[in-house]
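Presented below is the structure to which this report refers.
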Amino acid sequence: MAHDNSYVDKKFNIVGTRFNRPDGIDKVTGKARYGADASAPGQLVGKVLRSPHAHAQILKINTSKAEKLQGVKSVITFEDLPDLTGADQGMADILENCMARGRALYDGHAVAAVAAIDEQTAAKALKLIEVKYKKLPHVTDVDEAMLPTAPVIHDRIFTRGVEPKPTKPSNISSRTEMGNGDVDAGFAAADVIIEHSFKTEQTHQGYIEPHACLASVNPDGTAELWVTTQGHFVFRNVCAGLLGLDIAKLKVTSSEIGGGFGGKTHVWVEPVALALSRKANRPVKMVMSRDEVFRATGPTSSTSIDVKLGAKKNGEITAAVAELRYQGGAFPGNWAMLACMTAFACYDIKNNKSIGWDVLVNRPKVAAYRAPSAPMAAFAVESAMDMLAKELRMKAIDLRLKNVAREGTLAPYGPTYGPIGIEDTLKAVKAHPHMRAKLKPNQGRGVACGFWFNIGGQTSTDLNIGVDGTVNLAVGTVDVGGSRSSLAMIAAEELGIDYENVKANIADTTSLGHNDMTEGSRGTFSSGMATIYAAREAIEVLKQRAAKTWGIPLEDVSWEEGHAVATGKGHGNLPKLSLREIAAKSGRTGGPIAGHNEVTADGAGMGFASHICDVEVDPETGRSTIVRYTVVQDAGKAINPDYVEGQFQGGATQGIGWALNEEYIYGDDGRLQNPGFLDYRIPVCSDLPFIDTQILEIPNPNHPYGVRGVGETSIVPPLAAVGNAIANATGVRMGHAPMSPPRVLAALDALDNAG
Amino acid sequence: MQAETIAQMMEYLAEKFPNLRDVLQTDVAVSIDGQIFRDDWTQTIPSGAEVYLIPRIEGG
């Protein structure tokens, strides 16, 4: 049956209300099973030996002593992970990132691994592995890595996007340029020009649950993997590819996930655990320590950004240019290119240009972190907007409204926008009572806006009706934010039954077709769409069974509020049949009743948000305390407002941590100095006030309920919202995030000395 | 260029610019009149539509 994804305005009974998430009780009582909560008979403990050097040739690895240790069942190096990637450089990079192949590329890079009968034996075995390193010069700063004098990390990297093509390799993997109009003419027409440079440091997604898995490979090529992941189907494909397994024979089950935020979209220990298991012919469990998570998974880029804005006296921005330098760790990435797409996306600026430089450094391979690349670009652009507003003596919010993007505006990356919500969020911020709340001494208020694309992707869903009328909904998108509740609500809404009668589960990879990662704010959007269609398929079957039961044509049966109703002439005396009644008889009317759907959910609607931040800066310590924070974001349609608000608050909290405290600190030796939560300071509940939220609903025209993804957008505005608030509180413009107490204090002192 | 679907357009481009074939296969999404298609290449392209090739964004 063909399905139409167009938005239909309708009244909902269940969607839009609030239900407790079905996984809630298990999670707060400790019953929920995460990545480290599986075990198998005969399982071994896997541990990884990691490079203590930022960059080093690995001359020799001698594993013989480790192999001889009693209780050690397998020891592996890259030789146990043969390169099957063919011409796929992206997969080859993943393989090399999981286990060094002759060269250690960052502090923490995996060099070898062991599987032993217990933790102590495994730790002892690691100490017995002898590795001979030859240290090489290293570089960890994005600007330094671009200098011609920088040590080159891969001699196969010749900058793409530069004419003529360079003859020498460098650490610059690509240059991107995009934009519209004529920026020179635009600046020439400007009455006021603002130019500023910004830097942001590297952060980690900071999920509380470390990477963990239980891998079991059999000699016949079948295997199982229990793992904490944002996408078990993608993990299956990648691990099967790297290990030379058939996709259908590798069964991957996703555990509950204790946070991912983009950091669990890639494999690190999983191929290693599979290889150890294959060699030992026993299950292998691997759980990363917090130190390993910081040093050797996928943090964000650190960046260096220049912004120039030009405007007329009336506030119309005539030109905007951004040059964005992003490091992707020790392998090529597209992070700067992504930043170019988002930098000016909230605005209608006829003459704009963004230039992105993707750079390699001796740091871990960067992975996505909620709206990847956008927060840093927004820090720069949204700070510059406030600086421009100040020059123009305009209110910051009014400058944004004057130049806001609307339906019909040309995006900086090319296409014309359909209906978008940025203007609505800015107007809602302007009208919000927070904007009129009184500020105390040393306090300041800042606003900022942000954008994320959101995606759809491949989705497969199964809906099965039990003989008592209760329903199983099997989905393939990992639940990172309460989507099991929202999806059950959608199924209940479509079928016309109570929410409590639908149980949503995340199925393993043998039970459904391929599902893309839960990333890009796609979980509820795409599985929700597939659930609607699967429910409608099931309804067709229910109607057919009713028609058969009554002996009337199918066209004379309609589905209303959970019941088959006989319509048309002569059927008025037939009582309605409930879903439960039809299900009870299903064994005698044709068998189990189900609906199924595969869809590539295109048409994901863009997400826009505007934030208000009140900060109090202690002039003696430079410490900033958030005293009030409001998120206004367009959700299209909030299926369960509790979990939409949760995403707004979570994204804002992570952005605030990024703005105020979080950074990777590398020493001159290229080693990470602060791989732990004590010295890498993320916000905790006591650091922040309750974050207020306002959900706007501008329907996405390409989803039956109008849903837009919400998970990512709200990490984009906070860096600048906080920076603008600090500027208004202190008169100091902070251009280097995190705006930690030492940095703010130094800036305040400099201001005092200048004054 | 005549193309009724994204697949036809991609094939045409890959033949005209062979060194782009790999990039077109994996790294590109298509915007048709402002709506972004990342996956389904059977999608039809209406006559006179505004078509852009843009990076295939993922997310976090």
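As given, the protein sequences belong to chains A and B, one line each in that order. Each residue of the first sequence is one higher than the one before, starting from 1 at the first, in my numbering. Each residue of the second sequence is one higher than the one before, starting from 1001 at the first, in my numbering. Cβ atoms here follow ideal geometry from the backbone N, Cα and C, with glycine treated the same way. Bear in mind the structure is a predicted one, so any value in this text is a computation, not a measurement.
| Asked | Found |
| --- | --- |
| Would you mind listing the beta strand (DSSP E) stretches within the segment 29 to 68 of chain A that are 3+ residues and don't spill past its ends, in chain order? | 44 to 50, 56 to 62 |
| Grouping DSSP H, G and I as helix and E and B as strand, with all else coil, what is residue 434 (chain A)? | helix |
| Quick check: what's the CA-CA separation for residue 440 (chain A) versus residue 330 (chain A)? | 46 Å |
| When the Cα of residue 545 (chain A) is compared with those of A:587, A:191, A:424, which residue comes out closest? | A:587 |
| Give the interface partners of residue 697 (chain A) over in chain B, defined as CB-CB distance under 9 Å, in chain order. | Under the 9 Å cutoff, chain B gives no residues; its nearest Cβ is about 20 Å from residue 697 (chain A). |
| Cβ of residue 379 (chain A) versus every heavy atom of the ligand NAP: is any distance shorter than 7 Å? | Among the ligands in the structure shown, none appear at all, so the ligand NAP cannot be discussed. |
| Just confirm the distance between the C-beta atoms of residue 609 (chain A) and residue 524 (chain A), as a whole number of angstroms; I'd bet it's less than 8 Å. | So it is not a contact: roughly 17 Å between Cβ atoms. |
| Would residue 1045 (chain B) pass as an interface residue toward chain C - the criterion being a Cβ-Cβ separation below 8 Å? | Although the question refers to chain C, the structure presented lacks it and instead comprises the protein chains A and B. |
| Can you pull the DSSP bridge partners for residue 177 (chain A)? | A:355 |
| Hey, how far is the Cα of residue 488 (chain A) from the Cα of residue 584 (chain A)? | 21 Å |
| Of the residues that make up the segment 2 to 29 of chain A, which ones have a beta carbon closer than 8 Å to any beta carbon in chain B? | none |
| Tell me which residue opens and which closes the alpha helix (DSSP H) that residue 375 (chain A) is part of. | 374 to 392 |
| In whole angstroms, what separates the C-alpha of residue 1028 (chain B) from that of residue 333 (chain A)? | 15 Å |
| Taking 8 Å as the threshold (C-beta atoms), are residue 1052 (chain B) and residue 414 (chain A) in contact? | yes |
| Please confirm whether residue 533 (chain A) has its beta-carbon closer than 8 Å to some beta-carbon of chain B. | no |
| What is the DSSP secondary structure of residue 133 (chain A), counted as helix, strand or coil? | strand |
| Looking only at its chain, what residues have a beta carbon closer than 6 Å to the beta carbon of residue 671 (chain A), apart from the 5 residues adjacent to it on each side? | 107 |
| Between A:420, A:405, A:62, which lies nearest to residue 128 (chain A) when the distance is taken from Cα to Cα? | A:62 |
| For residue 397 (chain A), report the span of its alpha helix (DSSP H) as first-last. | 396 to 402 |
| Buried or exposed for residue 686 (chain A), please, with buried defined as at least 16 other CB atoms from any protein chain shown within 10 angstroms of its CB. | exposed |
| Taking the alpha-carbon of residue 335 (chain A) as reference, which of A:370, A:313, A:125, A:386 has the nearest alpha-carbon? | A:370 |
| Give me the residue from A:44, A:24, A:430 with the minimum Cα distance to residue 71 (chain A). | A:44 |
| Counting along the chain, where does the beta strand (DSSP E) carrying residue 114 (chain A) start and finish? | 110 to 116 |
| According to the Cβ coordinates, are residue 54 (chain A) and residue 77 (chain A) closer than 8 Å? | no |
| What separation, rounded to the nearest whole angstrom, lies between the Cα atoms of residue 674 (chain A) and residue 60 (chain A)? | 29 Å |
| Could you tell me the alpha carbon to alpha carbon distance between residue 224 (chain A) and residue 561 (chain A), rounded to whole angstroms? | 42 Å |
| Roughly how many angstroms separate the alpha carbons of residue 308 (chain A) and residue 193 (chain A), rounded to a whole number? | 7 Å |
| Under 8 Å by Cβ, that's how I've got residue 428 (chain A) and residue 696 (chain A) pegged, so tell me the actual separation to the nearest angstrom. | 6 Å |
| For residue 274 (chain A), go through chain B and note every residue whose CB falls closer than 9 Å to its CB, in chain order. | Here the premise fails: no neighbours, minimum Cβ distance about 24 Å. |
| Evaluate contact between the segment 92 to 108 of chain A and the segment 261 to 276 of chain A, counting only Cβ atoms and requiring at least three cross-stretch pairs below 8 Å. | yes |
| In the DSSP assignment, find the unbroken alpha helix (DSSP H) run with residue 234 (chain A) in it and report its ends. | 232 to 243 |
| Just curious, the alpha helix (DSSP H) that residue 536 (chain A) is in, first and last residue? | 523 to 550 |
| If you reduce the DSSP assignment to three classes, tell me which class residue 310 (chain A) lands in. | strand |
| Alpha carbon to alpha carbon, how far is residue 632 (chain A) from residue 187 (chain A)? Give it in angstroms, no decimals. | 32 Å |
| Straight-line CA distance for residue 580 (chain A) to residue 472 (chain A)? | 14 Å |
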